[in-house]
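Taking it in order: structure first as structure tokens, then the write-up.
Residue numbers (UniProt numbering): 1 to 121.
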């Protein structure tokens, strides 16, 4: 499929898809005219990349993880290693810390909102 169709099917911009290719996250064949041709499984790959970016991982870490993950369901591939598990555990712990910090920030905002509301009432 061409880059425009992949963008349409995944909701990801063509520019982002070119970036993914540049970073080694996505592979495309080239037509004789130089246009990108992506396989059907690129849809699952792009969705997986988006999920990993949303989880706060950077492109270098994603490039390390993708070969060890199945695109269709995100499960470990046959070449998944103990290092992959350790990396994922570390990322989960980082996300847990971020969640804790965000919950604390929300609590501070709630206190300020409540105090401001009481001053008005």
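Just so it is clear, CB atoms sit at the ideal spot from N, CA and C, and this is done for glycine as well. Everything numeric in this text was worked out from a predicted model, so none of it was measured.
Beta-carbon spacing of residue 26, residue 45 below 7 Å: Here residue 26 refers to the residue found at position 26 of the chain shown. Here residue 45 refers to the residue found at position 45 of the chain shown. Their beta carbons are under 7 Å apart, which means residue 26 touches residue 45 by this criterion.
Within a Cβ cutoff of 8 Å, which residues of the same chain sit near residue 24, ignoring the five residues on either side of it in sequence? For the purposes of this step, residue 24 is identified with residue 24 of the chain shown, where counting begins at 1. Result list for residue 24: 63, in chain order.
Is the separation between the beta-carbon of residue 31 and that of residue 40 shorter than 7 Å? As a working mapping, residue 31 is identified with position 31 in the chain shown. As a working mapping, residue 40 is identified with position 40 in the chain shown. Taking 7 Å as the Cβ cut-off, residue 31 and residue 40 do not qualify as a contacting pair.
If you run the structure through DSSP and keep just helix, strand and coil, what is residue 36? One-based indexing of the chain shown puts residue 36 at position 36. Residue state, collapsed to three classes: strand.
So, is residue 116 buried or exposed, given that buried needs 16 or more other C-beta atoms within 10 angstroms? The count along the chain shown starts at 1 and reaches residue 116 at position 116. Its Cβ having fewer than 16 others within 10 Å, residue 116 is exposed.
I'd like the span of the alpha helix (DSSP H) that includes residue 4, first residue to last. Position 4 of the chain shown, counted from the start, is the residue given in the question as residue 4. Segment 3-10, the alpha helix (DSSP H) holding residue 4.
How many whole angstroms separate the CB atoms of residue 50 and residue 2, which I take to be in contact at a CB cut-off of 8 Å? By 1-based counting over the chain shown, the position of residue 50 is 50. By 1-based counting over the chain shown, the position of residue 2 is 2. Not confirmed; about 19 Å, so no contact.
Relative to the alpha-carbon of residue 79, which residue among 69, 88, 86, 13 has its alpha-carbon at the smallest distance? One-based indexing of the chain shown puts residue 79 at position 79. For residue 79, the nearest C-alpha among the options comes from 69.
Residue 90 to residue 111 span [Cα, whole Å]: Counted from its first residue, the chain shown places residue 90 at position 90. Counted from its first residue, the chain shown places residue 111 at position 111. Near 32 Å, if we compare the C-alpha coordinates of residue 111 and residue 90.
Indicate the three-state DSSP secondary structure (helix, strand or coil) for residue 30 in the structure shown. Counted from its first residue, the chain shown places residue 30 at position 30. Here residue 30 sits in strand by DSSP.
Separation of residue 95 from residue 103, as counted between CA atoms: Locating residue 103 in the chain shown gives position 103, where the first residue counts as 1. Locating residue 95 in the chain shown gives position 95, where the first residue counts as 1. Going from the Cα of residue 103 to the Cα of residue 95 covers about 12 Å.
Contact under 7 Å by Cβ, residue 18 with residue 43: For the purposes of this step, residue 18 is taken as the residue at position 18 of the chain shown. For the purposes of this step, residue 43 is taken as the residue at position 43 of the chain shown. Contact: no.
Distance between residue 113 and residue 119 (C-alpha atoms, nearest Å): One-based indexing of the chain shown puts residue 119 at position 119. One-based indexing of the chain shown puts residue 113 at position 113. Cα-Cα distance, rounded: 10 Å.
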